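Here's the structure, in structure tokens; my notes come after.
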Amino acid sequence: MRTEQGVLKVSIGVTIFVATFGIVFGIVSRSSSIAFDGFYSLMDAGMSILALIVARLITGYAADTIQPSKLRDRFSVGFWHLEPIVLGANGMLLMGVSAYALVNAIGSVLAGGHRLLFDFAIIYAVVTLIACLTMATYGRRANRAIRSEFIALDVTAWLMSAGITAALLVAFIGGLLIQGTRYDWITPYIDPAVLALVCLVLIPMPISTVRRALSDILLMTPDSLKAQVDSVATAVAIRNGFLSYRAYVAKVGRSTQIDLYFIVPHGMPAKTIEEWDQLRDEIGEAIGGDDANRWLTILFTADVEWAE
């Protein structure tokens, strides 16, 4: 379980169990909040499966093991661009479902709420909370070495689910304690009220992930990466007597895409192909980064139009 795909497989299996458990107990206990929790987990499992497929495509392309070859021909520049698309879609979906559940919860409160079976609800909450916290801890520890955006998002989803479940557990225990007392009139409102509160907490949580994903989808240039490339390119231009350079930099998911054009003087003494390749190797080493997830193009031209 030391690979991205291995961790995601475990997460998917546990998520499907929790989702099925939640939907069944939501129906039995007549709890809309439990049913929402189960559906939320089921949706998360679907997105985790999609993330696993994308992770396999990305690593397979880097290792040149993608089969059949027609797939590589269709995606000749790799699959890195799918990662921010999946992350962004996942975040937007989580926010959308939470917003929809919030509207339904408010409607249920205004309609007078509904009673539920607290004993079944408490059993569900305890089991699910243990599962969520266990998976969040497992994913966070595994990701210290793997450093995957997909696993990081998966850990966030488990923590979000744990937060939901913890709130449900507190509310259900409180509802069980006040049954038959003078505060019994509150019990029909407990389930929708807790659901509304949880949704208010959940809705803004994926915003940072969606923001990063949109930045990658729009090919926005990270300031730190651009500064690093500019520093290397400036030193290379000065050292080799080049007139200037043009740098085009973007981060797409786990990959970095860098196009460097060096403007050489007209009439500059010719170099052999091997000498130009050696200079490219030196520039690539100076820029650094993960070679398996880096798309680096370095060109030399005396015509500025080729660089713009």
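Going by my numbering, the sequence shown opens with residue 4, and the numbers climb by one from there. Built from N, CA and C at the ideal position, the CB exists for glycine as well. Only a predicted model underlies this, so the values are computations on that prediction, with no experimental measurement involved.
Return helix, strand or coil for residue 299, following the three-state DSSP convention.
-> Residue 299 falls in the strand class under three-state DSSP.
Backbone CA spacing between residue 205 and residue 226 [nearest angstrom] = Rounded to the nearest angstrom, the two C-alpha atoms are 30 Å apart.
Opening and closing residue of the beta strand (DSSP E) in which residue 130 lies = From DSSP, residue 130 is part of no beta strand (DSSP E) but of the alpha helix (DSSP H) over 121-149.
Which value, in whole angstroms, describes the spacing of the CA atoms of residue 112 and residue 262?
-> Our two residues, residue 112 and residue 262, have alpha carbons roughly 57 Å apart in a direct line.
In angstroms, rounded to a whole number, what distance separates the CA positions of residue 153 and residue 274?
-> The alpha-carbon atoms of residue 153 and residue 274 are separated by roughly 45 Å.
Give the secondary structure of residue 39 by DSSP, where H, G and I count as helix, E and B as strand, and everything else as coil.
-> DSSP places residue 39 in helix when its eight states are reduced to three.
Would you list the one or two residues that DSSP bridges to residue 252?
-> Residue 252 is bridged by DSSP to 261.
Which whole-angstrom value describes the C-beta separation of residue 3 and residue 37, a residue pair presumed to lie in contact below a C-beta threshold of 8 Å?
-> Only positions 4 to 311 of the chain appear in this structure, which leaves residue 3 out of reach.
May I have the straight-line CA-CA distance separating residue 33 from residue 149, to the nearest angstrom?
-> Linking residue 33 to residue 149 through their CA atoms gives a straight-line distance of about 41 Å.
Provide the residue(s) that pair with residue 304 in DSSP beta bridges, ordered along the chain.
-> Beta-bridge pairing links residue 304 to 266.
May I ask whether a heavy atom of the ligand NAD can be found less than 7 Å away from the beta carbon of residue 83?
-> Summarising the ligand content, the structure contains no ligands, and the ligand NAD is consequently not present.
Hey, residue 253 and residue 260: beta-carbon distance below 8 Å or not?
-> Closer than 8 Å, so yes.
Hey, quick one: how far does the alpha helix (DSSP H) through residue 212 stretch, first residue to last?
-> Counting along the chain, residue 212 sits inside the alpha helix (DSSP H) bounded by residues 210-220.
Within the chosen definition, does the stretch 223-240 reach the stretch 113-121 through at least 3 CB pairs nearer than 8 Å?
-> The stretch 223-240, when compared against the stretch 113-121, does not touch it at the 8 Å Cβ threshold.
State the start and end residues of the unbroken alpha helix (DSSP H) segment that holds residue 311.
-> Where residue 311 is concerned, there is no enclosing alpha helix (DSSP H), because DSSP gives it neither an H nor an E.
Rounded straight-line distance, which links the Cα of residue 222 to that of residue 165 = Whole-angstrom Cα-Cα distance: 34 Å.
If you drop the 5 nearest sequence neighbours on each side, which residues of the same chain put their C-beta closer than 6 Å to that of residue 93?
-> Within the same chain, residue 93 has close Cβ partners 50.
Same chain, Cβ closer than 8 Å to residue 126, neighbours up to 5 away in sequence not counted = Around residue 126: 28.
What residue does the alpha helix (DSSP H) around residue 274 start on, and which one ends it?
-> Looking at the DSSP string, residue 274 is not in any alpha helix (DSSP H), and its letter there is neither H nor E.
Do the stretch 93-102 and the stretch 210-220 meet, that is, are 3 or more Cβ pairs less than 8 Å apart?
-> As far as the Cβ criterion goes, the stretch 93-102 touches the stretch 210-220, which means the pair count is three or higher.
Residues near residue 102 by beta carbon distance below 8 Å, same chain, minus five either side | Correct list, in chain order: 202, 206.
The stretch 46-62 / the stretch 192-199 touching (three or more Cβ pairs under 8 Å) = Cβ pair count under 8 Å is below three, so no.
Along the chain, where does the alpha helix (DSSP H) that runs through residue 20 open and close?
-> Where residue 20 is concerned, the enclosing alpha helix (DSSP H) starts and stops at 7-32.
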